[in-house]
Structures are given as C-alpha cells and as structure tokens.
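Encoded as structure tokens, the structure appears first; notes follow it.
Protein chains: 2
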Amino acid sequence: MKSRPTIFGDRGMTLEQEINESNIYYRNHQLAVIYKKPTPIQIVKVDYPKRSRAVIKEAYFRQASTTDYNGVYQGHYIDFEAKETRHTTSFPLSNFHDHQIKHLAQCLKQQGICFVLIKFVTLGRYFILPASDLLLFWQQAQNGGQKSMPLTFISHKSIEIQAGFNPILPYLSACKQLIAQQGGQS
Amino acid sequence: MKSRPTIFGDRGMTLEQEINESNIYYRNHQLAVIYKKPTPIQIVKVDYPKRSRAVIKEAYFRQASTTDYNGVYQGHYIDFEAKETRHTTSFPLSNFHDHQIKHLAQCLKQQGICFVLIKFVTLGRYFILPASDLLLFWQQAQNGGQKSMPLTFISHKSIEIQAGFNPILPYLSACKQLIAQQGGQS
Chain G
1 MKSRPTIFGD RGMTLEQEIN ESNIYYRNHQ LAVIYKKPTP IQIVKVDYPK RSRAVIKEAY
61 FRQASTTDYN GVYQGHYIDF EAKETRHTTS FPLSNFHDHQ IKHLAQCLKQ QGICFVLIKF
121 VTLGRYFILP ASDLLLFWQQ AQNGGQKSMP LTFISHKSIE IQAGFNPILP YLSACKQLIA
181 QQGGQS
Chain L
1 MKSRPTIFGD RGMTLEQEIN ESNIYYRNHQ LAVIYKKPTP IQIVKVDYPK RSRAVIKEAY
61 FRQASTTDYN GVYQGHYIDF EAKETRHTTS FPLSNFHDHQ IKHLAQCLKQ QGICFVLIKF
121 VTLGRYFILP ASDLLLFWQQ AQNGGQKSMP LTFISHKSIE IQAGFNPILP YLSACKQLIA
181 QQGGQS
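Chains as they are written, first to last, in the UniProt record's numbering: chain G, 1 to 186; chain L, 1 to 186.
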C-alpha cells in the first residue's frame with residue numbers, strides 16, 4: 001500500500017513491466033487482483049548449505065501450460081496473454097504457442113474474460129483483442145488462411161487503450177466492456 | 001485429453017498430487033480450468049551453452065505473494081491454498097503466511113470463491129474452509145485469540161469432502177455450495 005513514484009507509459013518499459021505496474025495500481029486501489037504467473041522452472045539440483053538458504057544449482061526453463069496473467073475483477077475471472085511486436089502492419093500468429101491458444105479456448109468455455117494484450121512497440125499502440133476473435137483467426141490459419149493478423153483486423157476487433165499513468169495501461173476499462181458484451185450475448 | 005490410469009485417493013500421494021490429478025480430471029472433462037501456480041524463483045545466473053538449451057546455474061526460492069491455486073469455474077474466479085497437517089485435533093495458524101491471508105482477503109473483496117483445502121493426513125479427512133471463516137479466526141488470533149483452529153471449529157465451518165477417484169478430490173462440489181451461499185448473501 002506504499003505510494004509509488006508516478007511512472008509514465010512507454011518510456012523504455014517492457015510491456016511486462018507496464019502490466020505489472022498497472023496490476024500493482026489495481027491491487028493497491030482494490031479494483032482488481034491480477035498477477036503475472038511465475039515462470040515455470042524444472043529444478044534438477046539444489047544445494048542446502050549450512051546456515052544459509054537453499055541454492056538451486058541446476059534448473060531449466062519449462063514451457064508454460066497457460067497464459068501469463070490471470071486474476072479476479074468483481075467476481076469475473078480474467079485471463080490474458082501479453083505480446084509485443086516491432087512489426088507495424090501485422091501480428092504473426094507464430095508469436096502464440098499451441099498451449100496458450102488451447103488454454104484461452106478452455107477458459108472461454110468456462111465463461112472467463114479472455115483476451116490478448118498486443119503492443120505495437122513502434123506505433124506506441126495497445127490493443128485488447130478478445131480471445132474469441134483470436135481463436136477464429138487461428139482456426140482459419142489452420143485451414144490454410146493467413147498466418148499473420150493484419151493491423152486493420154486487430155484494430156477493428158479490439159478495444160484500443162491509451163498508455164497513461166495511474167495505471168500505465170488502463171486495461172480494466174476494456175475488461176468492463178468485454179464483460180458487458182459477454183453479458184449481452186448470454 | 002489422454003486417458004490416465006485410475007488413481008485412488010490417499011495412497012501415499014501428497015495433497016499437491018491429489019489436487020493436481022483432480023485439476024487434470026476437471027480440465028479434461030471441461031468442468032473447470034484450475035492450475036497450481038509455478039513456484040516463484042529468483043534467477044541469478046544462466047548459462048547458454050552452444051547448441052543446447054539454457055541452464056540456470058544459480059537461483060533461489062522466493063516467497064510466493066499469492067495462494068497456490070487459482071482458475072475459473074463457470075465464470076467464477078476460484079482461489080485457494082492447500083495445507084496438510086499430521087495434527088489430529090487442531091490446525092495451527094502458523095501454517096499460513098501473512099501474504100496468503102492478505103491475498104485471500106483481497107480476492108474475497110473482488111467476490112472470488114476463496115477457501116483453504118485442509119487435509120488431516122492422519123485422520124484422512126479433507127475440509128474446504130471458506131476464506132471468510134479463516135480470516136475471522138486469523139483476526140481474532142491477532143487480537144489475542146487462539147493461535148490454532150480446533151478441528152471442531154474447522155469441521156463446523158467447512159464443507160467436508162471425501163477422497164475418491166475421478167476426481168480424487170471432488171472439491172468442485174464444495175465450490176458450487178460456496179457459490180450458492182455467496183449468491184444468497186449478495
């Protein structure tokens with residue numbers, strides 16, 4: 001609950017840093033409880049030196065089986081993946097792993113609020129693309145369709161958010177819209 | 001979606017294994033999407049050998065800032081911590097960390113379905129204790145009350161579940177009850 005220095009968006013921060021700072025803001029203001037999951041590690045060897053804490057001496061990065069971020073907002077389950085690209089006209093699907101797509105599909109079936117947060121670094125633009133639109137595009141690509149989402153597709157299907165401060169990335173406003181849309185459909 | 005051998009509860013499995021197997025069952029049957037979060041690790045040194053994958057050579061275990069399990073069930077956010085004990089008449093609060101309690105309180109404020117799954121190993125009994133009851137007991141302990149939850153308290157406040165198979169721990173039925181209770185209150 002400490003006060004934190006004001007940090008403006010996109011001043012050399014990675015997308016992960018921007019989201020983490022936004023999540024801290026949302027937690028401190030009791031607006032949502034959303035965290036990045038730790039990177040999964042396969043631990044092979046651990047030393048337990050006397051009188052000091054355990055040291056991992058051999059370990060490997062494992063492929064995550066889910067997306068990076070999840071949490072709760074007013075009873076709703078929020079789940080998303082974040083991706084940044086230096087492309088300026090499209091976003092290649094090769095940035096996604098099968099397991100991320102599968103996880104988003106599973107969460108969507110459970111009525112989660114699921115999306116990808118895509119940052120076009122060069123353009124300084126941020127898009128909240130609903131998972132349902134990503135899944136449709138992905139399915140079409142599997143059947144011989146385009147392998148890269150054009151910016152025009154993304155901007156048409158997404159809720160665009162502006163980087164600012166407090167929070168740096170106000171993506172919760174997009175969640176509210178997704179919840180309203182999902183409620184309207186059911 | 002592979003078929004897995006039938007595994008019966010409590011045959012030398014740890015509580016974590018029992019929950020993980022149950023979560024696989026729930027995911028495979030599209031009943032819920034709930035995962036254990038990876039253990040957070042602070043990585044200090046990584047080697048990148050030629051022609052082979054990165055090796056973490058020095059790393060340390062970090063304190064988790066949340067509970068171990070979360071996910072989604074029919075639109076509801078599920079969040080819980082799992083604890084096992086060999087005690088037979090009470091469960092010491094010292095098994096919980098401040099950050100776990102704080103996290104449960106934050107998620108509860110966001111209308112999450114929050115609880116602790118307590119396994120009394122010696123008794124072979126499993127309890128789903130609502131986070132709200134744990135938080136009240138915790139608060140009273142801070143103000144000089146008991147530092148250990150009597151089994152009578154736990155069994156009175158909890159939904160008890162029976163270990164079986166498919167899934168080993170059918171804790172989702174308890175979630176349904178908690179959702180019904182929470183819906184009735186609001």
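Ideal Cβ placement from N, Cα and C applies to all residues, glycine included.
Since we're looking at a predicted model, the values are computed, not measured.
Buried versus exposed, by CB contacts within 10 Å (16 or more), residue i
{"i": "L:K119", "result": "buried"}
{"i": "G:F115", "result": "buried"}
{"i": "L:T67", "result": "buried"}
{"i": "L:G112", "result": "buried"}
{"i": "L:Y48", "result": "exposed"}
{"i": "L:H76", "result": "buried"}
{"i": "G:S158", "result": "buried"}
{"i": "G:H103", "result": "buried"}
{"i": "L:A180", "result": "exposed"}
{"i": "L:L172", "result": "buried"}
{"i": "L:V33", "result": "buried"}
{"i": "L:L136", "result": "exposed"}
{"i": "L:P92", "result": "exposed"}
{"i": "L:P130", "result": "buried"}
{"i": "G:L123", "result": "exposed"}
Where residue i meets chain L, residues with beta-carbon distance less than 7 Å
{"i": "G:Q111", "result": "Q74 and G75"}
{"i": "G:T66", "result": "Y35"}
Per-residue contacts from residue i into chain G (C-beta, under 9 Å)
{"i": "L:Q30", "result": "Q106, K109 and Q110"}
{"i": "L:T39", "result": "P38, P40, I41 and I43"}
Limits of the beta strand (DSSP E) - the one that residue i falls within
{"i": "G:K45", "result": "I41 to D47"}
{"i": "L:S148", "result": "S148 to P150"}
{"i": "L:I168", "result": "Unbroken run through L:I168: none, as it is neither H nor E."}
{"i": "G:K36", "result": "V33 to K36"}
Listed by chain order, chain L residues near residue i by CB distance under 9 Å
{"i": "G:P130", "result": "What G:P130 touches in chain L: nothing, since even the nearest Cβ is about 15 Å away."}
Opening and closing residue of the alpha helix (DSSP H) in which residue i lies
{"i": "L:I24", "result": "L15 to N28"}
Within chain G, partners of residue i - CB distance below 7 Å
{"i": "L:N70", "result": "N70"}
{"i": "L:R27", "result": "Q106"}
Along the stretch 45-62 of chain G, what residues have a CB closer than 7 Å to any CB found in chain L? R53, A54, V55, I56, K57, E58, A59, Y60 and F61
Restricting to runs no shorter than 4 residues, where is the alpha helix (DSSP H) found entirely within the stretch 55-143 of chain G? 98-109 and 131-142
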